Amino acid sequence: MLNTMLLSFSLKNTYRVNAILHSLKQIPLLKRLLPDTLYRVRGLKIFANVLAALYELLSVFLFKFLYVFCFLFLPPILQEGKMLPEAFPQIYLFLALLGAFSNTFLFNPTKEKYYAVILMRMNARSYALANYAYDMAKYLVGQLTAMMVLGGLASVPLWLCALAPLFAAGCKVTVAAYTLHDYEKTGKATSENKLGKLDWVAIGMLLIAAYVPFLLGWFLPQAALAGIFLAGILIGALSLRKVLTFREYRALYQKLLTEGMATLSSAKAAPAAQVKKNISADTGITSKKEGFEFLNELFIRRHQKILWKSSKRIAVVAACIFALLIGLLFFLPEEDRRDMSVLPLTYLPYFTFIMYSVNRGTGFTQALFMNCDVSLLTYSFFKQPKMILRLFRIRLREIIKVNLLPATVIAAGLCFILALSGGTDNPVNYLVLIVSILCLSVFFSVHYLTIYYLLQPYNAGTEMKNGTYRLVLMATYLICFILMQLRLPTLLFGGAVILFCAAYCAIACVLVYRLAPKTFRIHG
Amino acid sequence: MDFIIDHLSKSYEQKKVLEDVSFRFSSGKIYGLLGRNGAGKTTLFNCLNRDITVDGGAFFFEDEQGRREVEPEDIGYVLSTPTVPDFLTGREFLKFFMDINRGSITDPKPLDDYFDFISIPAEDRDRLMKDYSHGMKNKMQMLINFIANPTLFLLDEPLTSLDVVVAEEMKQLLRECKEGRIIIFSTHLLDLAVDLCDEIVLLSHGMLQSVDHAALDNDAFKEKILDALREDGHA
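In structure tokens:
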């Protein structure tokens, strides 16, 4: 058993170490420094091993502390402004019941299990039990420490804090035993990741049971809680026999893991399949145009769902929100109405984030690649520089149009609010407001299409392979997120935005014209 | 006209995939490119198609007037997994292609003639290609490349997953269109290579070498090819 545990641990560790090295190799600049043979470089291996060990430690302690802190420690403080020793173990009771069937360890179809049991043909029973023992031990150590420390801080009796994790473990073992028993009877292998309707109802009820009584101030007496905990531990101990004596782990895992792996591998192909689903099957869609305009019109009309329909929906929602705000303005007293003018006058940076969120650019480029360019880029006629640039112009025009619709609604809405709240006498404010919102919209359209043409991040298998592209997307998000925190006068910020967007679009288009004929291809 | 590869090399860090590839291909012939797994056949094609940059060497066309660069439109590259735009119907794809290349296509025909040529039934011509079978997608891809009439045709394992009837049709098409073209055909199927190709070229140790067919019957020829490939260390 110990041997199995060590073997499976080393397998899991190898997998984790290689995953770390692989992700290091994805980082731009760093990937040039790392050799292709990095998987056998001793120093790097040691470094990744240290990271893997740290992760294991984190998963034992930090995550458990976070769990106890967020779900047990924090709610009473947020609600009552102080710690409630009664609430702590009571909430734990219901969350433990919830975790008993949604996080079983034994029935989680992980890749490691698949590799060990199915591919490497390790003895399924000793593998299952060894790992179950390890997971349980890890769980108990982490939970006991977190409960004793945070429970102690919340003045919960320490003996109760010690009983609680044992109770949770008992519940897990009981559910495991029941599931194994059920498998013997029905042959059904239930993966914990495929919860049924009943399970979701149970999760809902348990969450209600955990938090509603506490909000209402109803608490079980400590003796009752202790009784329940002890009973759970006792039943768990009795159930342990089933887990240890169950003989058919091999057959059970065969079923559980092959199904699990099927969903895992289809998850990899899922984005492409999902994007394909967006193609409209409406045979009435045709085009009378020619050449690239023909291609483009068919593409846009057959992808209405992610382009025009979605942009119209956003425009309608934005219009409704503004209508509500404008309606509200009529009911507000004069001074409060003036206060509303801060929205168009100092919250413009916030709208960078909103314009970022409503932009259809990423969906557009993803569909462009997966449903169109992945195939057309293999034809030489499509790769001729003048063709690439002609199509770029058409696509840029289209995506700008799609995004301008909600932008116009938002710009108009802000102007109405500004006018009705009477916040400014300077008409330039209106002009800057409108132009800067429209500029932001154009900017994001140009931005996504440009980085798509310059970095073309997908490979022939429609997987995203380009680390730089990911970093640019992340940076875009971060910058918009940071801007959201800013409060600047509209004239200042709007003016800066207009200048920036104009400069960016000009530079981006020059870059695309210079570089795209070389960069816009399928990378090996 | 000849297509010449001159001292082409490509490495991935320390691994030299193409060490020193030199070869002269003549038009009007089908060349069978054979090599063990990992020998670099796809890398060679990707280099010629300029999907990846080469480390050294050159490739160009040469005829009586001298040398000339290989332009993208000179190359037709057919991959083993057929790639056609899913959101178009077969007819729309063909129309789009004809629109774009109007002027460069000699003797354009009505669209249906092309479909008849590759035997795609009338009822399938107006269906979205995302619902096409593997074989039909493959035919569309071949058709487009035929019409584009490239001087150099690179075919990467194109017949492997086709049913016997379609595969036979494709072979016939290739034989019909080899005149005035250079066709390089990579495959793992020795019988197919010997049956279809005029010359066999081996890619091993990062170099190209031709196998002399003269004075050998088919079985002896195959044995000779196998021996040459066995010497290569790849697996």
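From first to last, the protein sequence lines stand for chains A and B. For the first sequence, this note's numbering gives the first residue as 16, with consecutive numbering after it. For the second sequence, this note's numbering gives the first residue as 20, with consecutive numbering after it. Even for Gly, the Cβ is constructed at its ideal location relative to N, Cα and C. Computed from a predicted model, the values in this text were never measured in an experiment.
Cross-chain neighbours of A/Y394 in chain B, by beta carbon under 7 angstroms: The answer, in chain order, is I163.
Rounded Cβ spacing between A/P359 and A/L448 (contact assumed at less than 8 angstroms): At roughly 6 angstroms, the Cβ-Cβ gap stays under 8 angstroms, so A/P359 and A/L448 are in contact.
Residue-level contact to chain B via CB, A/P421, 8 angstroms cutoff: For A/P421, the answer is no, since every Cβ of chain B falls outside 8 angstroms of its Cβ.
Coil, strand or helix - A/A287 by DSSP: In the three-state reduction of the DSSP assignment, A/A287 falls in the helix class.
Reduced DSSP secondary structure (H/G/I, E/B, other) of A/L165: DSSP places A/L165 in the helix class (H, G or I) of the three-state scheme.
Cβ of A/V389 within 8 angstroms of any chain B Cβ: The Cβ of A/V389 sits closer than 8 angstroms to at least one Cβ of chain B.
Nearest to A/H196 (by Cα), restricted to the options A/Y268, A/V258, A/R136: The candidate whose alpha carbon is nearest that of A/H196 is A/V258.
Short Cβ contact (8 angstroms threshold) for A/K187 with A/T298: No, the Cβ-Cβ distance between A/K187 and A/T298 is not below 8 angstroms.
Pair within 8 angstroms by beta-carbon distance, A/Y129 and A/L267: If you check the CB distance, A/Y129 and A/L267 do not come in under 8 angstroms.
Rounded distance between the beta-carbons of A/R352 and A/R344, thought under 8 angstroms: The question names Arg, yet the displayed sequence has Leu at residue 344 of chain A. So it is a contact: roughly 6 angstroms between Cβ atoms.
Neighbour list for A/G299 in chain B, Cβ cutoff strictly below 7 angstroms: Those do not exist, as A/G299 stays about 12 angstroms from chain B at its closest Cβ, beyond 7 angstroms.
Beta carbon proximity, A/Q399 to chain B, threshold 8 angstroms: When Cβ-Cβ separations below 8 angstroms define contact, A/Q399 makes contact with chain B.
Through-space distance from A/S325 to A/F10, alpha-carbon basis: A query on residue 10 of chain A cannot be resolved here, the shown segment of chain A reaching from 16 to 539 and no further.
Extent of the continuous alpha helix (DSSP H) run through B/E218: The continuous stretches of alpha helix (DSSP H) do not include B/E218, which lies in the beta strand (DSSP E) extending over residues 218 to 223.
For B/V26, the nearest candidate out of B/L53, B/A77, B/P127 (CA to CA): Residue 26 of chain B is actually His in this sequence, not Val. The candidate whose alpha carbon is nearest that of B/H26 is B/A77.
C-beta contact flag for B/P104 and B/M148 at 8 angstroms: Yes, these two residues count as a Cβ contact at 8 angstroms.
is_contact[B/I94, chain A] using C-beta, thresh 8 angstroms: For B/I94, the nearest CB of chain A lies under 8 angstroms from its own CB, placing it at the interface with that chain.
Own chain residues within Cβ distance below 8 angstroms of A/A97, not counting five before or after: According to the sequence as given, residue 97 of chain A is Lys; it is not Ala. Taken in chain order, the residues that qualify are P91.
C-beta neighbour in chain A for B/V230, strict 8 angstroms: No, because no Cβ of chain A sits closer than 8 angstroms to the Cβ of B/V230.
Cβ distance (whole Å) where A/I35 is taken to contact A/A68 below 8 angstroms: No, A/I35 and A/A68 are not in contact; Cβ-Cβ is about 11 angstroms, not under 8 angstroms.
Close Cβ partners of A/L181 (< 6 angstroms) along its chain, the five nearest in sequence each way excluded: So the list reads I248, once near-sequence residues are dropped.
Range of the contiguous alpha helix (DSSP H) that encloses A/A521: 505 to 534 is the span of the alpha helix (DSSP H), which, as asked, contains A/A521.
Coarse secondary structure for A/Y467, derived from DSSP in three states: If DSSP states are grouped into helix, strand and coil, A/Y467 belongs with the helices.
CA-to-CA distance, A/D388 to B/F112, given in whole angstroms: Using only the alpha carbons, I get a separation of about 13 angstroms.
Of the residues A/L231, A/R265, A/Q237, A/T160, the one placed nearest A/I133, counting alpha carbons only: With distances taken between Cα atoms, A/I133 lies closest to A/R265.
B/A254 (DSSP reduced to helix, strand or coil): Confidence in B/A254 is poor, its pLDDT being 47 and thus under 50, which makes the residue's placement too unreliable to answer from.
Three or more C-beta pairs below 8 angstroms linking the segment 374 to 394 of chain A and the segment 408 to 425 of chain A: When C-beta atoms of the segment 374 to 394 of chain A are compared with those of the segment 408 to 425 of chain A, three or more pairs fall below 8 angstroms, so the two segments count as touching.
Coarse secondary structure for B/H26, derived from DSSP in three states: In this structure, B/H26 counts as strand in the three-state DSSP scheme.
B/K149 at chain A interface by Cβ criterion, 8 angstroms: At least one CB of chain A lies nearer than 8 angstroms to the CB of B/K149.
Buried or exposed by the 16-neighbour rule on C-beta atoms within 10 Å, applied to A/K304: Exposed, because fewer than 16 other Cβ atoms sit within 10 Å of the Cβ of A/K304.
Same chain, Cβ closer than 7 angstroms to A/L39, neighbours up to 5 away in sequence not counted: Within the same chain, and ignoring the five residues on either side of A/L39 in sequence, the residues whose Cβ sits closer than 7 angstroms to its Cβ are L45, L49.
Spatial distance of B/D39 from B/S45 (CA atoms): For B/D39 and B/S45, the gap between their C-alpha atoms comes out near 20 angstroms.
B/A233 (DSSP reduced to helix, strand or coil): Three-state result, B/A233: coil.
For B/T100, the nearest candidate out of B/V183, B/V89, B/D145, B/L178 (CA to CA): Ranking the options by Cα distance to B/T100, first place goes to B/L178.
Reduced DSSP category for A/K97 - H, G, I as helix; E, B as strand; rest coil: In the structure shown, A/K97 sits in coil (DSSP, three-state: anything other than H, G, I, E or B).
Proximal chain B residues relative to A/D214, where beta-carbon distance stays under 9 angstroms: Correct list: empty, because the minimum Cβ distance to chain B is about 35 angstroms.
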